[in-house]
Amino acid sequence: MSERPQHKRRPPPGGTRRGRKRARVCPTALLCLAGFLWMIAPSAVAEQAHAPDPASTSAHAAAHESSAPAAGHGESHPELPNIVTLLYRAREDTAAGVPPWLAFVHRFQDVFFAWLAVSVIIVLVRLATRRMGAVPGRLQAAVESFVGGFRGFVVGILGPSGERYVPFLGSLFLYIWFMNLFGLVPLMKSPTAALSTTVALAVCVFLYVQGTGLRRLGLIGYVRHLAGDPRDAVGWALVPLMLPLHIISEFAKPVSLSLRLFGNILGEDVLLGIFAGLGVAALAFFHLPFGLPLHLPFILLALLMSTVQALVFTLLSTIYIMQVLPHDADEPPVRAAAARLPAGESSVRPVGLESGGAGSG
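Residue 211 is where the sequence shown starts when you use our numbering, and the numbers rise one by one after that.
Shown next, in the form of structure tokens:
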């Protein structure tokens, strides 16, 4: 008799239970969640503080609602219209009124465009890594070039141990860069033109830096770092002065990060809005059938400044991480390379690494 062929049981799509990896909570995801909650709170406060007065006239209420909400700074400013504001204005004058979902999106449009930037980044990365091959395509080559260049940038500042911080800093740069560029796309809005968004980003960096300092230095080492790392009697005598100054400087870092990014991106949006309005006004002044694109040269300038501001925010975050790392364990790359030289070449030292500073005689 012929034996019945035995069919092997296929394993489940997720693999065996023993082979499955345990899900771990990513600290970056927790920081992003904290930043999202931080973005929502100032936007709601700003909307409640600047709600139209019921006793005011209908014209004043219409003008107040049509203006774009400036979440975080509470003042309207000239800017290019976005798709959410246009839809809100179109449905506001109809008999049906504004649907609840559109009113919600209009109220939190900065958060909406921020999540839209996240979605665009996820889609691009997914398309670039969907079919990895030995001969990369254009999108895969572009992503690999960015990852390699950014990794070298971070490792050049933090040393070899800085590779663990590349995912956080790279995600931070891409997120800020895409949000900055959104203001240059027609019918889009830059979320970083709102103070609530930049404050959320700065708070995420602040929590990440302080958590890195506590994890790498320990509690006692972290307190010594805040006290100025005293090593002699003079250093301990200056602790009452250095400790409060260092604490104030730590809290001043997120303030400077948020205000710098907010001011530059808001200035770009205001500049584009003003010159676009002047181009439209040229229709009546010069009796032209079309407006003048007076804001076009400033779009090129804003494209450069958006990249520079994202890079500056990431560079300062990298420097803040470097300041809380243990100095003995994280040597500069030049000193580490000099330590690996053969014995016969040990006399060749980079200038400035030794206490003498000058070259050997």
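Quick reminder that beta carbons are idealized off the backbone N, C-alpha and C, glycines included.
The structure displayed is predicted, hence computed values, not measured ones.
Between the beta-carbon of residue i and the beta-carbon of residue j, is there less than 8 angstroms?
| i | j | result |
| --- | --- | --- |
| Ser-459 | Ala-412 | no |
| Ala-403 | Asp-479 | yes |
| Ile-386 | Phe-523 | yes |
| Ala-486 | Pro-401 | no |
| Pro-440 | Val-449 | yes |
Whose C-alpha, out of the options, is nearest the C-alpha of residue i?
| i | options | result |
| --- | --- | --- |
| Leu-405 | Val-321, Ala-305, His-537 | Val-321 |
| Val-534 | Pro-440, Gln-519, Trp-311, Gly-421 | Gly-421 |
| Leu-436 | Pro-454, Asp-442, Val-419 | Pro-454 |
| Phe-388 | Gly-473, Phe-461, Ile-529, Val-333 | Val-333 |
| Ala-324 | Gly-307, Leu-384, Ile-367, Ala-352 | Leu-384 |
| His-287 | Gly-501, Thr-528, Gly-483 | Gly-483 |
| Ile-531 | Trp-446, Phe-500, Leu-424 | Leu-424 |
| Trp-395 | Phe-360, His-505, Leu-526 | One detail in the question is off: residue 395 reads as Val in this sequence, not Trp. For the residues Phe-360, His-505, Leu-526, the minimum Cα distance to Val-395 belongs to His-505. |
Classify residue i as helix, strand or coil using the three-state DSSP reduction.
| i | result |
| --- | --- |
| Leu-506 | helix |
| Leu-397 | strand |
| Pro-536 | coil |
Applying the criterion that 16 or more other CB atoms from any shown protein chain within 10 Å of the CB defines a buried residue, is residue i buried or exposed?
| i | result |
| --- | --- |
| Gly-372 | buried |
| His-537 | exposed |
| His-497 | exposed |
| Thr-304 | exposed |
| Val-444 | exposed |
| Gly-571 | Since pLDDT at Gly-571 reaches only 38, below the 50 mark, its modelled position is unreliable, and the value read off the structure follows with that caveat. So Gly-571 ends up on the exposed side. |
| Phe-495 | exposed |
| Thr-528 | buried |
| Pro-464 | buried |
| Val-490 | exposed |
| Leu-173 | The chain is shown only over 211 to 571; residue 173 falls outside these bounds and no answer can be derived. |
| Leu-451 | exposed |
| Leu-196 | Lying outside 211 to 571, the shown extent of the chain, residue 196 is not represented and no answer is given. |
| Leu-397 | exposed |
| Ala-300 | exposed |
State yes or no: is the beta carbon of residue i nearer than 8 angstroms to at least one beta carbon in chain D?
| i | result |
| --- | --- |
| Arg-340 | Considering every chain present, this structure includes no chain D. It has just one protein chain. |
Cβ of residue i versus every heavy atom of the ligand GTP: is any distance shorter than 7 angstroms?
| i | result |
| --- | --- |
| Ala-412 | Questions concerning the ligand GTP fall outside what the structure shown contains, since it holds no ligand whatsoever. |
Would you be able to state if there are at least three C-beta pairs under 8 angstroms between the region 471–489 and the region 511–523? yes
Taking contact to mean at least 3 C-beta pairs separated by less than 8 angstroms, is the region 366–376 in contact with the region 494–509? no
Inter-stretch contact (C-beta, 8 angstroms, three-pair minimum) for the region 310–325 and the region 286–300: yes
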